[in-house]
Amino acid sequence: MSIDTRLRSSLSLTAEHPARYALAAGRIFLGWIFLWAFLDKLFGIEKGAEAGWLSGASPSKGFLSHNNGPFKEIFHSMAGQFWVDALFMFGLGGLGVALLLGICLRLAALGGTILMFMLWVASLWPENNPFMDMHWIYAAMLVAVALGDAGTTLGLGRAWARLPIVRNSALLR
């Protein structure tokens, strides 16, 4: 009885690999989460949002003004500021569009991870865990999507990568 010890090549995420579809599905699901949050805060769609940003409501005021974490003074002073609202909304909308279309995933992963970190810091400490919550899961998924080139499956990533400005900038891929 012999034991087979030959080295086998590891499965890479080639264009035909089924894991690419799982990663693309995760990209699309995460994109919808961010796009829906953007639309809800823009128009006030959900019952919890009395009015949207277009109606004059601040998308950041409610969350940041009720913060009781170690940085509450900083976040309370930021609550309702136009620049905070604009950056937050641009971040949500940009992430949602980039993920749904499968374009600009590296920049989306960078910006999205920063956004997730800021939201995590603003909601310290997580209720059910000493440090882990959905923000870190979303950030990890953003990085995996970018590194896995998930925009080329069920997305516009291949066409996006052929644009001259994108070919000249690794961050825009």
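Take -18 as the starting number for the sequence shown in our numbering and just add one per residue.
Every residue, glycine too, gets a C-beta built ideally from N, C-alpha and C.
The structure displayed is predicted, hence computed values, not measured ones.
- Sequence-distant Cβ neighbours of A131 in its own chain, meaning closer than 6 Å and more than five residues away, are L4, A5 and R8.
- For E54, the uninterrupted alpha helix (DSSP H) run begins and ends at K53 to M59, by DSSP.
- Counting only the Cα atoms, P51 lies some 30 Å from G12.
- Here M113 carries a coil assignment [DSSP, helix/strand/coil].
- It is roughly 11 Å from the alpha-carbon of G25 to the alpha-carbon of W17.
- In the three-state DSSP reduction, P145 falls in the helix class (H, G or I).
- Straight-line measurement puts the Cα of W101 at about 12 Å from the Cα of G93.
- One Cα belongs to G33, the other to H(-2), and the distance between them is close to 42 Å.
- With respect to R87, L152 sits close: the two C-beta atoms are nearer than 8 Å.
- Excluding the 5 residues flanking it on each side, M70 has same chain C-beta neighbours closer than 8 Å at F19, K22, L23, W34 and P40, in chain order.
- Counting of Cβ neighbours within 10 angstroms places M115 among the exposed residues, the total staying below 16.
- For R1, the enclosing alpha helix (DSSP H) starts and ends at A0 to F24.
- Here I84 is buried, its C-beta having at least 16 other C-beta atoms within 10 Å.
- According to the DSSP assignment, G43 belongs to the alpha helix (DSSP H) that extends over K42 to S46.
- Apart from the 5 residues on each side of it in sequence, I146 sits with its Cβ closer than 8 Å to the Cβ of L153 in its chain, given in chain order.
- Apart from the 5 residues on each side of it in sequence, L96 sits with its Cβ closer than 6 Å to the Cβ of G72 in its chain, given in chain order.
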